[in-house]
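Trainee:
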Amino acid sequence: MSHQLTFADSEFSTKRRQTRKEIFLSRMEQILPWQNMTAVIGHCCK
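Take 1294 as the starting number for the sequence shown in the working numbering and just add one per residue.
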């Protein structure tokens, strides 16, 4: 049975706190974009 989304659920979903993992991954993406890194090392690992 599927869960019906309530008004409270929709309101809470926009104010959800970021986890440590999400914060870490977003910072890592800003420092070293994954696309750039795979382009540099991709040809070595094939």
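A virtual CB, placed ideally from N, CA and C, is assigned to each residue, including glycine.
No experiment lies behind these values; they were computed from the predicted model shown.
Quick one: Cα of residue 1312 to Cα of residue 1336, how far?
Mentor: Residue numbering aside, residue 1312 sits at position 19 when the sequence shown is read from its first letter. Residue numbering aside, residue 1336 sits at position 43 when the sequence shown is read from its first letter. Roughly 33 Å between the two C-alpha positions.
Trainee: How would you write the range of the alpha helix (DSSP H) that residue 1318 sits in, first residue to last?
Mentor: As a position in the sequence shown, residue 1318 is number 25, starting the count at 1. 1313 to 1324 is the extent of the alpha helix (DSSP H) around residue 1318.
Trainee: Start and end of the alpha helix (DSSP H) containing residue 1328?
Mentor: Reading the sequence shown from its first residue, position 35 is the one you call residue 1328. Looking at the DSSP string, the run of the alpha helix (DSSP H) that includes residue 1328 is 1327 to 1334.
Trainee: Helix, strand or coil: how does DSSP classify residue 1299 here?
Mentor: Translated into the one-based positions of the sequence shown, residue 1299 becomes position 6. Looking at residue 1299 - three-state DSSP - the assignment turns out to be coil, as it is neither helix nor strand.
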